[in-house]
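Working notes, beginning with the structure itself.
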Ligand code: UDP
């Protein structure tokens, strides 16, 4: 269905043999517009070091990321890794910033979105604040992300019935990427993205890192300080960097 033609091949680099797109924020937004004009459900992923590290050990996740139409480098670890392998990325494009730009564009076009994921009540709150901050944006439906596997087909039916053009899946990785990929043929949205904890931030349930942390690529440190239980997840960053250093070129 998708031949990847929206992304020129020279934009795509490989880190630990996993593809990542060399895009600036502005370029990612332009590609988003193009994908929204393309037939079928485009898959947008926002891997950070943790996701790339997991994908390097999980063939299914690697295959899903490789199948995506836009692979946004969401993390300073990817930028450092890209320099180490001699194919520097232009800049880091965080998933939450990309989502906001997408929402602005969808609002301007009067397009509708569906919010799937996070704890009960969060998607509703996120929808309320998105509507208030991005006038013109239509939220066609919301659903929390704690469901049984056998409910998935009905959820896809609900998303399609809502008529939404864009799906935000906030189920955590790799659940969100797996969900979109597994139902890509059935989904009638024009694009879908895995947004991790972004609905929690929109809902005001989680704070975004202050400017200093964001500007220095230290979001991971801020989140770790607020939620020390993330220590195991944060450990993926140094492991990922060591693997990139050891691998030399790939
Ligand atoms: N989540 C969900 N269903 C699940 C597991 C997680 O909806 O079965 C949600 C969770 O409530 C949170 C998001 O997925 O809102 C994942 O957040 P996380 O902090 O892992 O994402 P990150 O931004 O670090 O990728």
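Residue numbers (my numbering): 134 to 383. Every residue gets a Cβ at the ideal spot worked out from N, C-alpha and C, and that includes glycine.
**Report entry** alpha helix (DSSP H) runs wholly inside the region 154-213, at least 4 long, in chain order
**Finding:** 158-169, 182-190 and 192-199
Query raised in the report: Taking 7 Å as the line, does the beta carbon of residue 189 fall inside it for any heavy atom of the ligand UDP?
Result: no
Query raised in the report: In whole angstroms, what is the alpha-carbon distance linking residue 377 and residue 368?
Result: 15 Å
Requested in this report: Starting from residue 272, follow its DSSP beta bridges and name the residues at the other end.
Outcome: 246
Query raised in the report: Count the other CB atoms within 10 Å of the CB of residue 279; is the residue buried (16 or more) or exposed (fewer)?
Result: exposed
Requested in this report: Determine, using beta carbons only, whether residue 274 and residue 261 come nearer to each other than 8 Å.
Outcome: no
Query raised in the report: With a CB to CB cut of under 6 Å and the five nearest residues on each side skipped, what residues in its chain are close to residue 293?
Result: 321
Query - For residue 194 and residue 187, believed in contact at Cβ under 8 Å, the rounded distance - result: 6 Å
Query raised in the report: So what does DSSP say about residue 139, is it helix, strand or coil?
Result: coil
Query raised in the report: By DSSP, does residue 238 sit in helix, in strand, or in coil?
Result: helix
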